[in-house]
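Engineer: Using mature numbering (1 follows the signal peptide of the UniProt record, and there is no 0), the letters of the sequence shown correspond one by one to residues -20 to -1, 1 to 243.
For each residue, glycine too, the CB sits at the ideal point set by N, CA and C.
The model shown is predicted, which means the values in this text are computed figures rather than measured ones.
Encoded as structure tokens, here's the structure I'll be asking about.
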Amino acid sequence: MRYNAWMLAVGLFAIDSALAGPCKPRSSTSETATAGSEKTTLGTTTTILATSTEVSTDVTQTTSLEATMTTVTAADTTTTTTEAETSTTAAAAGPTPTYIIVAQDGDIDGAVLEGVDQEGTLVLFDSDVPSAMTRNYILESDTGRLKDANSGNYLCAYYGDAPSIYEPATVANCQNGNTGPNKHYDYLNCKTVSGILSCTAPKAYCDIDDFDSQYCMTSPENGVNDQFFYRYSSSGGAYLFISSGTPNAYTTVDLGVTEVSED
């Protein structure tokens, strides 16, 4: 019954298919008003046509010595008012920044995270897989998920090779229809702190039942995985993992993010 599970684990590190997932079940603006004045602030344009007033006064006084008569033409006042008009244009959203992920420690210090476009595949450093390339990521502010800017894949923890919650989960591209609680993959939830990527993933594991079928269980009561590790394989390169504690045969690593220019 364990033969199939062993074969799944071996498939994890096969050259050029080494990246394949081992298990694939299926404004506030202030203006000083002057006539016709215009003031522009970032993202907001406000035009104010100030009130203008015209006053004309015509007084004529005539005095006759004989009749001692005075004629006065009263002041004629004309007022013209133009009400202020305000137009506001919302600020256009700037381009979403994209990042590369760079190892900060150990033998892979300075290496950039690589992978392929295919969903469900693993990501790694120092890759010798010909089709692997540097990946650019968008960190979604509303979800905390890391999204590949080119393929649209999200980064996940993969539990197919973690038979207990104490075994590190491999970092991989999520697989459609197989991501979430009690599945082989679940999303990384990330933020950046002083240029360092800080992520968590649920505690979960996958094991083989009495019918030689693999099942997965999420264990939220056991906390989260919150530390990155790497481990070299004889083929592929240095694979990335997420776990907690100090698992044997894995090396801790901090991950930095570097923004990619648009040139």
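Identify which residue in Tyr138, Lys171, Asp166 and Val92 has its Cα closest to the Cα of Leu119.
Structural biologist: Locating residue 119 in the sequence shown gives position 139, where the first residue counts as 1. Nearest of Tyr138, Lys171, Asp166 and Val92 to Leu119, Cα basis: Lys171.
Engineer: Near Ala137, which residues of its chain fall below 6 Å by C-beta distance, leaving aside the five closest residues on each side in sequence?
Structural biologist: As a working note, residue 137 is residue 157 in the sequence shown. Same-chain partners within the cutoff: Ala149, Asp166, Ala181 and Ile222.
Engineer: Return the CA-CA distance between Arg211 and Met197, expressed in angstroms with no decimal places.
Structural biologist: Taking the first residue of the sequence shown as position 1, residue 211 is located at position 231. Taking the first residue of the sequence shown as position 1, residue 197 is located at position 217. In a straight line, the C-alpha of Arg211 is about 24 Å away from that of Met197.
Engineer: Report the rounded CA-to-CA distance for Phe208 versus Ile176, giving the unit in angstroms.
Structural biologist: As a working note, residue 208 is residue 228 in the sequence shown. As a working note, residue 176 is residue 196 in the sequence shown. Answer to the nearest angstrom: the Cα atoms are 12 Å apart.
Engineer: Taking the alpha carbon of Ser131 as the reference point, which residue from Gln98, Asn156 and Ser144 has its own alpha carbon closest?
Structural biologist: Counting from one through the sequence shown, the residue named residue 131 turns up at place 151. Checked all of Gln98, Asn156 and Ser144; the closest Cα to Ser131 is Gln98.
Engineer: In the DSSP assignment, the beta strand (DSSP E) including Arg211 goes from what residue to what residue?
Structural biologist: Taking the first residue of the sequence shown as position 1, residue 211 is located at position 231. Unbroken beta strand (DSSP E) run through Arg211: Gln207 to Tyr212.
Engineer: Suppose contacts are defined by Cβ-Cβ distances below 8 Å. Is Gly216 in contact with Leu104 by that definition?
Structural biologist: For the purposes of this step, residue 216 is taken as the residue at position 236 of the sequence shown. For the purposes of this step, residue 104 is taken as the residue at position 124 of the sequence shown. Taking 8 Å as the Cβ cut-off, Gly216 and Leu104 qualify as a contacting pair.
Engineer: How about Cys186 and Tyr139: do their beta carbons lie closer than 8 Å?
Structural biologist: Taking the sequence shown and counting its residues from 1, the one referred to as residue 186 is at position 206. Taking the sequence shown and counting its residues from 1, the one referred to as residue 139 is at position 159. Their beta carbons are under 8 Å apart, which means Cys186 touches Tyr139 by this criterion.
Engineer: Can you find a heavy atom of the ligand PLP that lies under 7 Å from the Cβ of Val103?
Structural biologist: Questions concerning the ligand PLP fall outside what the structure shown contains, since it holds no ligand whatsoever.
Engineer: Looking at Val233: is its Cβ nearer than 8 Å to the Cβ of Gly90?
Structural biologist: Looking up residue 233 in the sequence shown gives position 253. Looking up residue 90 in the sequence shown gives position 110. Taking 8 Å as the Cβ cut-off, Val233 and Gly90 do not qualify as a contacting pair.
Engineer: Going straight from the alpha carbon of Asp108 to that of Asn205, what length do you get?
Structural biologist: As a working note, residue 108 is residue 128 in the sequence shown. As a working note, residue 205 is residue 225 in the sequence shown. Between Asp108 and Asn205, the C-alpha separation is close to 28 Å.
Engineer: Does the beta-carbon of Thr114 have 16 or more other beta-carbons within 10 angstroms, so that it is buried, or is it exposed?
Structural biologist: Mapped onto the sequence shown, residue 114 falls at position 134. The residue is exposed, with fewer than 16 neighbouring Cβ atoms inside 10 Å.
Engineer: For Thr76, count neighbouring C-beta atoms within 10 Å of its own C-beta (all shown protein chains included) and say buried if the count is 16 or more, exposed if not.
Structural biologist: For the purposes of this step, residue 76 is identified with residue 96 of the sequence shown, where counting begins at 1. Exposed.
Engineer: Straight-line CA distance for Ser224 to Tyr146?
Structural biologist: Looking up residue 224 in the sequence shown gives position 244. Looking up residue 146 in the sequence shown gives position 166. The straight-line gap from Cα to Cα measures roughly 8 Å.
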